[in-house]
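**Student:**
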Amino acid sequence: HTLQTWLDLTEQLLETGVDSIAIKDMSGILTPMAAYELVSEIKKRYDVRLHLHCHATTGMAEMALLKAIEAGVDGVDTAISSMSATYGHPATEALVATLAGTEHDTGLDILKLENIAAYFREVRKKYHAFEGQLKGYDSR
1 HTLQTWLDLT EQLLETGVDS IAIKDMSGIL TPMAAYELVS EIKKRYDVRL HLHCHATTGM
61 AEMALLKAIE AGVDGVDTAI SSMSATYGHP ATEALVATLA GTEHDTGLDI LKLENIAAYF
121 REVRKKYHAF EGQLKGYDSR
């Protein structure tokens, strides 16, 4: 797939009347620079709400989200830290802390997020037997 492929697809989707597009990186292979280029080029050409959904499998999702935010993406997906990473999404708290004090500050209360993370840390223990085998990043 090339950038032009995605731009053509965006145009086709807009012709059908969509008002938003979600870019889904289910395998976590979207590089930060590719995320920046893709988002900035779509936003430059089209007036559409753009959302990015990345999985943390390869360890690039956090950086891809940040570069997409810098490029003008309208929304991103994260997960509370105790349920994040590996097969999931980047940690909410890390992104909130990264964006604090910038033009992209989320306004979320990190202390409240820490309480939510503590709750789900306990919940997650109950489902340990059902978790996958991936315990860290796999950048292959």
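Quick note on the UniProt record's numbering: the sequence shown kicks off at 1 and runs consecutively.
Ideal placement from N, C-alpha and C gives every residue a C-beta, glycine not left out.
Below 7 angstroms CB to CB, which residues in the same chain sit around residue 74 once its five sequence neighbours on both sides are set aside?
**Tutor:** Sequence-distant partners of residue 74 (beyond 5 residues in either direction) whose C-beta falls short of 7 angstroms from its own C-beta, in its chain, are 49, 50, 51.
**Student:** Taking buried to mean at least 16 other C-beta atoms within 10 Å of its own C-beta, is residue 27 buried or exposed?
**Tutor:** exposed
**Student:** Pull up the distance between the alpha-carbon of residue 7 and that of residue 126, whole angstroms please.
**Tutor:** 44 angstroms
**Student:** Can you confirm whether the segment 50-69 touches the segment 19-36 when touching is taken to mean that 3 or more C-beta pairs between the two stretches lie within less than 8 angstroms?
**Tutor:** yes
**Student:** Would you mind sorting residue 36 into buried or exposed? The rule is 16 or more other CB atoms within 10 Å of its CB.
**Tutor:** buried
**Student:** Can you tell me which of the three DSSP states residue 8 falls into?
**Tutor:** helix
**Student:** Candidates 117, 41, 123: which alpha carbon is nearest residue 80's?
**Tutor:** 117
**Student:** Quick one: what does DSSP say residue 1 is sitting in, helix, strand or coil?
**Tutor:** coil
**Student:** My output table needs one value for residue 128: the three-state DSSP class, helix, strand or coil.
**Tutor:** helix
**Student:** What residue range does the beta strand (DSSP E) around residue 24 cover?
**Tutor:** Following the DSSP letters along the chain, one finds residue 24 inside the beta strand (DSSP E) bounded by residues 20-25.
**Student:** According to DSSP, which residues form a beta bridge with residue 50?
**Tutor:** 21
**Student:** With respect to the alpha helix (DSSP H) encompassing residue 69, which residues constitute its N-terminal and C-terminal limits?
**Tutor:** 61-71
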